[in-house]
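Here's the structure, in structure tokens; my notes come after.
There are 2 protein chains.
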Amino acid sequence: MSRTNELRMITRVAQMYHLEGLKQSDISELLRISQASVSRLLKRAESEGIVRVSIVAPSGTYPDLESAIREKFGISEVIVADCREDNDDAVFSAIGVAAAHLLEQTLEDGDVIGVSSWSATLQQMLDNIHPIKRVRAERVIQLLGGIGVPSAQIHATQLTTRLAHLINGEPQLLPAPCVTGSPESKRILVSDPQVKATVDQFKRVTTAFVGIGAMSPSQNLIYSGNTFTQAELQELASRGAVGDICLRFYTADGEPLAGEIYERVVGMTLEELQAVPRVIGTAGGKRKTASIAGALRGKLIDVLITDRFTAERLSEFT
Amino acid sequence: MSRTNELRMITRVAQMYHLEGLKQSDISELLRISQASVSRLLKRAESEGIVRVSIVAPSGTYPDLESAIREKFGISEVIVADCREDNDDAVFSAIGVAAAHLLEQTLEDGDVIGVSSWSATLQQMLDNIHPIKRVRAERVIQLLGGIGVPSAQIHATQLTTRLAHLINGEPQLLPAPCVTGSPESKRILVSDPQVKATVDQFKRVTTAFVGIGAMSPSQNLIYSGNTFTQAELQELASRGAVGDICLRFYTADGEPLAGEIYERVVGMTLEELQAVPRVIGTAGGKRKTASIAGALRGKLIDVLITDRFTAERLSEFT
DNA sequence: ATCAAGCGTGAATAAATATTCATGCGGAGG
DNA sequence: CCTCCGCATGAATATTTATTCACGCTTGAT
Numbered sequence: 001m002s003r004t005n006e007l008r009m010i011t012r013v014a015q016m017y018h019l020e021g022l023k024q025s026d027i028s029e030l031l032r033i034s035q036a037s038v039s040r041l042l043k044r045a046e047s048e049g050i051v052r053v054s055i056v057a058p059s060g061t062y063p064d065l066e067s068a069i070r071e072k073f074g075i076s077e078v079i080v081a082d083c084r085e086d087n088d089d090a091v092f093s094a095i096g097v098a099a100a101h102l103l104e105q106t107l108e109d110g111d112v113i114g115v116s117s118w119s120a121t122l123q124q125m126l127d128n129i130h131p132i133k134r135v136r137a138e139r140v141i142q143l144l145g146g147i148g149v150p151s152a153q154i155h156a157t158q159l160t161t162r163l164a165h166l167i168n169g170e171p172q173l174l175p176a177p178c179v180t181g182s183p184e185s186k187r188i189l190v191s192d193p194q195v196k197a198t199v200d201q202f203k204r205v206t207t208a209f210v211g212i213g214a215m216s217p218s219q220n221l222i223y224s225g226n227t228f229t230q231a232e233l234q235e236l237a238s239r240g241a242v243g244d245i246c247l248r249f250y251t252a253d254g255e256p257l258a259g260e261i262y263e264r265v266v267g268m269t270l271e272e273l274q275a276v277p278r279v280i281g282t283a284g285g286k287r288k289t290a291s292i293a294g295a296l297r298g299k300l301i302d303v304l305i306t307d308r309f310t311a312e313r314l315s316e317f318t
Numbered sequence: 001m002s003r004t005n006e007l008r009m010i011t012r013v014a015q016m017y018h019l020e021g022l023k024q025s026d027i028s029e030l031l032r033i034s035q036a037s038v039s040r041l042l043k044r045a046e047s048e049g050i051v052r053v054s055i056v057a058p059s060g061t062y063p064d065l066e067s068a069i070r071e072k073f074g075i076s077e078v079i080v081a082d083c084r085e086d087n088d089d090a091v092f093s094a095i096g097v098a099a100a101h102l103l104e105q106t107l108e109d110g111d112v113i114g115v116s117s118w119s120a121t122l123q124q125m126l127d128n129i130h131p132i133k134r135v136r137a138e139r140v141i142q143l144l145g146g147i148g149v150p151s152a153q154i155h156a157t158q159l160t161t162r163l164a165h166l167i168n169g170e171p172q173l174l175p176a177p178c179v180t181g182s183p184e185s186k187r188i189l190v191s192d193p194q195v196k197a198t199v200d201q202f203k204r205v206t207t208a209f210v211g212i213g214a215m216s217p218s219q220n221l222i223y224s225g226n227t228f229t230q231a232e233l234q235e236l237a238s239r240g241a242v243g244d245i246c247l248r249f250y251t252a253d254g255e256p257l258a259g260e261i262y263e264r265v266v267g268m269t270l271e272e273l274q275a276v277p278r279v280i281g282t283a284g285g286k287r288k289t290a291s292i293a294g295a296l297r298g299k300l301i302d303v304l305i306t307d308r309f310t311a312e313r314l315s316e317f318t
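Taken in order, these protein sequences are the chains called A and B. The first sequence lines up with residues 1 to 318 when you count with the UniProt record's numbering. The second sequence lines up with residues 1 to 318 when you count with the UniProt record's numbering.
What follows is the structure in structure tokens.
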């Protein structure tokens, strides 16, 4: 019988607090109990399910998908971008916009940003960044070699340089091809002072933006001309590769696929990547579902930015 | 396009705060924005309707009825007691329990409690008070004369005395009939030192518990034998009386009905009652709907305790 | 181009809320 | 009947949240 009365009290307090917008001290005066008691009653109101907070997802946001992926893969942050259609153009654009916003919102003074060139989503990100005056990034570091056929080189270098400009930082380029013919030639390249200078900076990166590659390589890589042969890709696939980050291939569990090919890439290794405090992976599209899942499983990235269609697939991925 | 992104952010923050239970400073670290911004985003989440708090009334509580009556009559507090059936026994008992709880919860050291005797609900209240040790009321003052036929006198006096005991206060009795034969005899009575002493204390009452009488008088009053004649009651009714508090009759608007009868009552006047900081009216039952409505309209009481059936009627009362 | 108004930001601070602590009550078990 | 334990309470305090303030950016008018 007193139970009912207590529930009434809790309900009334919850009403006054949440609906009428009174503060606890007002309620405590009106109801002649201490503020501490009001606080306690409110806590009970939540635990008893008398007050319920529901969060309504505004159209264009997908918190449920985000949570589902966060929980499924144990990743700290997922951003699902809205997107009308499930084709590469729309998806990359949506992801690019979201990535640009993330960069703008979270950039801090003195940040050292790493970018893997060669990524269509990161290209899109660039096009959507609003120049920032507020903060001053220290440096933008190219994480993957960019020399190849002329058009491709422009992409890679420009991406780093433009980004540096937009966020008031110094570009630090990696003047090398992304893949060399042999481990030896890679070693020689890396001993080049300018290349070495950049590689030495890898450990200072505070935030890395990386694309995620699928096993059927993207247009950019095909065009660049200095990447792997079909045979090499098939070998990787037969060893379980599901995707790459900075041309570092990994398995469905996100384990790096070491070997000769790994030694021929000029760029940040997956080990170095994991040492970066915040790695932001941007990718979407049907081809990339398994690649993204692998990166998530291996905790290769801390933040995933993707589109709602890919998010849907990931949330159901087995 | 940035709108969507902002909504996403708001939604995410709301999720972290309300669902995951993180504190704003945690969120600000995770999302790399300032705590102030988190607070602002949360405020926007409410104003944009992204978070909604709903309050579910536990069974046996009637917050909607309470609000309806509060708003309709502009009264500060209404307590609607749960009650299975709409008969006097059940109703009075429910109200008594609720009144007892209110008293227990809100009694403060040094309070001076006034009680109109003659009320079935207040009788019930007594039976449900759990003796209080915590606080020490100063005094319990009988607001209405109680002398009449012996059995009734016991009721009135006992009510005051028992209550005083239960809340560790001194009883201050009003040893007089509730209604005298003429204004003159009332004046004489009031000049009696003991009566005068009590009447003089009326202005010190901090909380008054009063029943509300309907025009068809209750069993208690009929039994007491020293109340009004049918003719007198009919006269009152013809002048618009809808009910009484401490035998002070009032109209549908809660205006006191002055006149000869008013001058023959030994007890607190409605003017004195309005000067009391907190007046708690307890009443329920079909007969009393109009009486209660009048008391509410005239702001004669600050807190109404009633049952759910009567509350329903009041909320629809024209 | 220059300047003022308006907005949004984070640091500092004020305000509100949650928790701790000490106390007193009530009930269970000697 | 007494004692001890668990619980509830309010005052004091710690913690968390909201607001203020000062500043810098953007925008739109001159």
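The C-beta atom is built at its ideal place from N, Cα and C for all residues, glycine as well. Bear in mind the structure is a predicted one, so any value in this text is a computation, not a measurement.
Using the rule of at least 16 other Cβ atoms within 10 Å of the residue's Cβ for burial, across every protein chain shown, is residue i buried or exposed?
| i | result |
| --- | --- |
| residue 119 (chain A) | buried |
| residue 297 (chain B) | buried |
| residue 1 (chain B) | Confidence at residue 1 (chain B) is low in this model, with a pLDDT of 47, below 50, so its placement is unreliable and no value can be given for it. |
| residue 288 (chain B) | buried |
| residue 267 (chain A) | buried |
| residue 27 (chain B) | buried |
| residue 244 (chain B) | buried |
| residue 187 (chain B) | exposed |
| residue 47 (chain A) | exposed |
| residue 12 (chain A) | buried |
| residue 311 (chain B) | buried |
| residue 3 (chain B) | exposed |
| residue 281 (chain A) | buried |
| residue 160 (chain B) | buried |
| residue 111 (chain B) | buried |
| residue 8 (chain A) | buried |
Given this structure, state the Cα-to-Cα distance separating residue i from residue j, to the nearest angstrom.
| i | j | result |
| --- | --- | --- |
| residue 265 (chain B) | residue 304 (chain B) | 24 Å |
| residue 41 (chain B) | residue 10 (chain B) | 6 Å |
| residue 209 (chain B) | residue 69 (chain B) | 19 Å |
| residue 39 (chain B) | residue 24 (chain B) | 7 Å |
| residue 86 (chain A) | residue 293 (chain A) | 18 Å |
| residue 232 (chain B) | residue 238 (chain B) | 10 Å |
| residue 83 (chain B) | residue 317 (chain B) | 20 Å |
| residue 322 (chain B) | residue 45 (chain A) | Because chain B here runs from 1 to 318, residue 322 (chain B) falls outside it and cannot be looked at. |
| residue 342 (chain B) | residue 15 (chain B) | Residue 342 (chain B) lies beyond the stretch modelled for chain B, which goes from 1 to 318, so this question has no answer here. |
| residue 306 (chain A) | residue 19 (chain A) | 37 Å |
| residue 126 (chain A) | residue 197 (chain A) | 25 Å |
| residue 248 (chain B) | residue 169 (chain B) | 27 Å |
| residue 173 (chain A) | residue 81 (chain A) | 30 Å |
| residue 89 (chain A) | residue 124 (chain A) | 10 Å |
| residue 300 (chain B) | residue 78 (chain B) | 14 Å |
| residue 62 (chain B) | residue 6 (chain A) | 13 Å |
| residue 290 (chain B) | residue 145 (chain B) | 25 Å |
| residue 56 (chain B) | residue 138 (chain A) | 53 Å |
Taking residue i as the query, report the chain A residues whose CB atoms sit under 7 Å from its CB, ordered along the chain.
| i | result |
| --- | --- |
| residue 12 (chain B) | 63 |
| residue 51 (chain B) | 53 and 55 |
| residue 98 (chain B) | 5 |
| residue 82 (chain B) | 4 |
Just list the residues that DSSP pairs residue i with in beta bridges.
| i | result |
| --- | --- |
| residue 306 (chain A) | A:80 |
| residue 52 (chain A) | B:54 |
| residue 109 (chain A) | Partner(s): none; residue 109 (chain A) has no beta bridge. |
| residue 250 (chain B) | B:243 and B:256 |
| residue 139 (chain B) | B:112 and B:170 |
| residue 279 (chain A) | A:208 |
I want to verify the contact list: residues of chain A whose CB lies under 9 Å from the CB of residue i, in sequence order.
| i | result |
| --- | --- |
| residue 15 (chain B) | 55, 63, 66 and 67 |
| residue 108 (chain B) | 32 |
List the residues of chain B that residue i touches, going by C-beta distances under 7 Å, in chain order.
| i | result |
| --- | --- |
| residue 58 (chain A) | 7, 11 and 50 |
Report the neighbours of residue i on chain A: residues whose CB is nearer than 8 Å to its CB, in chain order.
| i | result |
| --- | --- |
| residue 19 (chain B) | 53 and 55 |
By the criterion of Cβ-Cβ separation under 8 Å, what are the contact partners of residue i in chain B?
| i | result |
| --- | --- |
| residue 123 (chain A) | The contacting residues do not exist; residue 123 (chain A) stays about 17 Å from chain B at best. |
| residue 165 (chain A) | None at all; the shortest Cβ gap to chain B is about 21 Å. |
Show which residues of chain B have a CB atom less than 9 Å away from the CB atom of residue i.
| i | result |
| --- | --- |
| residue 155 (chain A) | Per Cβ cutoff of 9 Å: no residues; residue 155 (chain A) is ~24 Å from chain B at best. |
| residue 194 (chain A) | Those within 9 Å of residue 194 (chain A) in chain B number zero; the least Cβ separation is about 32 Å. |
| residue 105 (chain A) | 5, 9, 31, 32 and 33 |
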